[in-house]
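Per full-length UniProt numbering, numbering through the sequence shown is continuous, rising by one, with the last residue being 156.
Where is the CB? At the ideal position from N, CA and C, for every residue including glycine.
Worksheet: the structure to be examined is printed underneath.
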Amino acid sequence: MKLLVPIDGSELALQALQHAIALASAGLEVELVLVNVQEPASAYEMLTLHDAEALAEVAVGAGRDLMAPAVELVEAAYLPYSETVVVGDVVPALLELLEEEGCDAVVMGSHGMGLVRSALGSVSRGMLEHAPVPVTFVKAPPESESEAEADADADE
Numbered sequence: 001m002k003l004l005v006p007i008d009g010s011e012l013a014l015q016a017l018q019h020a021i022a023l024a025s026a027g028l029e030v031e032l033v034l035v036n037v038q039e040p041a042s043a044y045e046m047l048t049l050h051d052a053e054a055l056a057e058v059a060v061g062a063g064r065d066l067m068a069p070a071v072e073l074v075e076a077a078y079l080p081y082s083e084t085v086v087v088g089d090v091v092p093a094l095l096e097l098l099e100e101e102g103c104d105a106v107v108m109g110s111h112g113m114g115l116v117r118s119a120l121g122s123v124s125r126g127m128l129e130h131a132p133v134p135v136t137f138v139k140a141p142p143e144s145e146s147e148a149e150a151d152a153d154a155d156e
């Protein structure tokens, strides 16, 4: 089974990857497609740097740096994988890669920010609505009361 695992550099993305690795450890034969999507250069960047190729190289380099911990995890698990960095809007880029790679499912992190996030059109919602394959979301663990209190105290 070919699994697409988006990697954005967050701890939650690595937790989603660990879930995919756990599926393999449980006996599922998997090939992982790790992907990082970099946002296109802004108009300001294009106007000031005038070099689209250089901007793309920087974006790809940044994406590879963000994926390095994920690659280490997959290599330590001795699983087959490929890694790709694409520049574009996240959901369309992921959907295109799903088709190109022939992926059977997606395993990704979801921050679970509730109604506000869904009203904004989150990546999770976009994938859930448009992916032609099953999508598994790995949610962030709930904050403990002490962490929530510490965050509230820091905000004051």
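- Taking the Cα positions, Val37 is about 9 angstroms away from Ala59.
- If only uninterrupted beta strand (DSSP E) runs of at least 3 residues are considered, those enclosed by the stretch 52-90 are 81-87.
- The beta-carbon distance between Asp8 and Leu66, rounded to whole angstroms, is 7 angstroms. This is short enough to meet the 8 angstroms contact definition.
- Nearest in C-alpha terms to Val5, of all of Pro141, Ala93, Ala56 and Ala54, is Ala93.
- Boundaries of the beta strand (DSSP E) harbouring Glu31: Glu31 to Gln38, taken from the DSSP string.
- By the neighbour-count criterion, in which a residue is buried when 16 or more other Cβ atoms sit within 10 angstroms of its Cβ, Gly63 is buried.
- If you look at Leu3, you'll find it in the beta strand (DSSP E) that goes Lys2 to Pro6.
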